[in-house]
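Here is the structure we will look at, set down as structure tokens.
Number of protein chains: 2
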Amino acid sequence: MSVNHLEFDEDGLIPAIIQDIETNEVLMMAYMNQESLENTIKSGRTCFWSRSRDELWWKGETSGNIQEVEEIKYDCDGDTLLLKVKQTGGACHTGHKSCFYRGIERDYDTEKEFDPEEVYNNL
Amino acid sequence: MSVNHLEFDEDGLIPAIIQDIETNEVLMMAYMNQESLENTIKSGRTCFWSRSRDELWWKGETSGNIQEVEEIKYDCDGDTLLLKVKQTGGACHTGHKSCFYRGIERDYDTEKEFDPEEVYNNL
Chain A
212 MSVNHLEFDE
222 DGLIPAIIQD
232 IETNEVLMMA
242 YMNQESLENT
252 IKSGRTCFWS
262 RSRDELWWKG
272 ETSGNIQEVE
282 EIKYDCDGDT
292 LLLKVKQTGG
302 ACHTGHKSCF
312 YRGIERDYDT
322 EKEFDPEEVY
332 NNL
Chain B
212 MSVNHLEFDE
222 DGLIPAIIQD
232 IETNEVLMMA
242 YMNQESLENT
252 IKSGRTCFWS
262 RSRDELWWKG
272 ETSGNIQEVE
282 EIKYDCDGDT
292 LLLKVKQTGG
302 ACHTGHKSCF
312 YRGIERDYDT
322 EKEFDPEEVY
332 NNL
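Those sequence lines, one after another, are chains A and B. Positions in the first sequence are counted from 1; adding 211 to them yields the numbering used here. Positions in the second sequence are counted from 1; adding 211 to them yields the numbering used here.
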């Protein structure tokens, strides 16, 4: 296995973006250390490092919502991974397919054309 | 603008995955701080925080390869962003469309069925 080009951070971790191979939807992002990456490569299923529990985290071990790995890429400076997977069930612990189920609304800062209170209350 | 749900790390940064809105290809990942995120929301173009140069980084400022933001999502625990963009040119400084242009080959650890040197050299 060739992981020579990878840069793990000062905690020994590398972020891993998980993408659905069928729909190309981005499902989640989690972190891997050397051991979880090796587990992932050898088993063909995603294994992460849980920063909150401080332990190896075999994705789907409890929920059954495993991810079968079809492809592992790394970026130009080798400090981020991109894995394409076949997702069983949903990736998110909330039950959603993707962890990215909420969006930021843009504030366009447009001025109002009139003051509705003034217009409608004075009728 | 609603960024109340976001968790910036101890360096004040949040990872931002950039995805092409037309092809759904993951183009790159970079980091934003509060200011660069606000710049991004207000301008509709991506602005990151360069960890290597320690400064605001308007994507495409030098190369012209800007990213027009169509959608900003955040994940279930609010510590990762996903931006869908219209990418002008390529996202990667190497000239590639995506920074993820290299892959890790899986080592299937299969035993050889025969030793080719022995077989072919003894003919």
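All C-beta atoms in this analysis are idealised placements derived from N, C-alpha and C, irrespective of residue type, glycine included.
- Residue environment analysis places residue 331 of chain B among the exposed positions, since fewer than 16 neighbouring C-beta atoms fall within 10 angstroms of its C-beta.
- Contact between the region 261-281 of chain A and the region 243-253 of chain A is present: 3 or more CB-CB pairs across the two stretches fall below 8 angstroms.
- Chain B has a Cβ within less than 9 angstroms of the Cβ of residue 291 of chain A.
- From the beta-carbon of residue 240 of chain B, the residues of chain A found nearer than 8 angstroms are 226, 228, 286 and 291.
- For residue 281 of chain B, the closest C-alpha among the options B/310, B/225 and B/232 is that of B/232.
- One alpha carbon belongs to residue 240 of chain B, the other to residue 293 of chain B, and they sit about 9 angstroms apart.
- If you look at residue 238 of chain B, you'll find it in the beta strand (DSSP E) that goes 237-243.
- The three-state reading of DSSP puts residue 294 of chain A in strand, counting E and B together.
- For residue 311 of chain B, at least one C-beta of chain A is nearer than 9 angstroms to its own C-beta.
- By the criterion of a C-beta distance shorter than 6 angstroms, residue 271 of chain B is surrounded in its chain by 277, once the five residues flanking it on both sides are discounted.
- Taking residue 275 of chain A as reference, the option from A/257, A/287 and A/286 with the minimal CA-CA separation is A/257.
- Neighbours of residue 235 of chain B across chain A, judged by C-beta separation under 9 angstroms: 230, 234, 235, 236 and 237.
- Distances from the CA of residue 253 of chain B to each of A/316, A/286, A/227 and A/323 were compared; the closest alpha carbon is that of A/316.
- Excluding the 5 residues flanking it on each side, residue 307 of chain A has same chain C-beta neighbours closer than 7 angstroms at 301, in chain order.
- Closest in alpha carbon position to residue 296 of chain A, among A/289, A/238, A/279 and A/263, is A/279.
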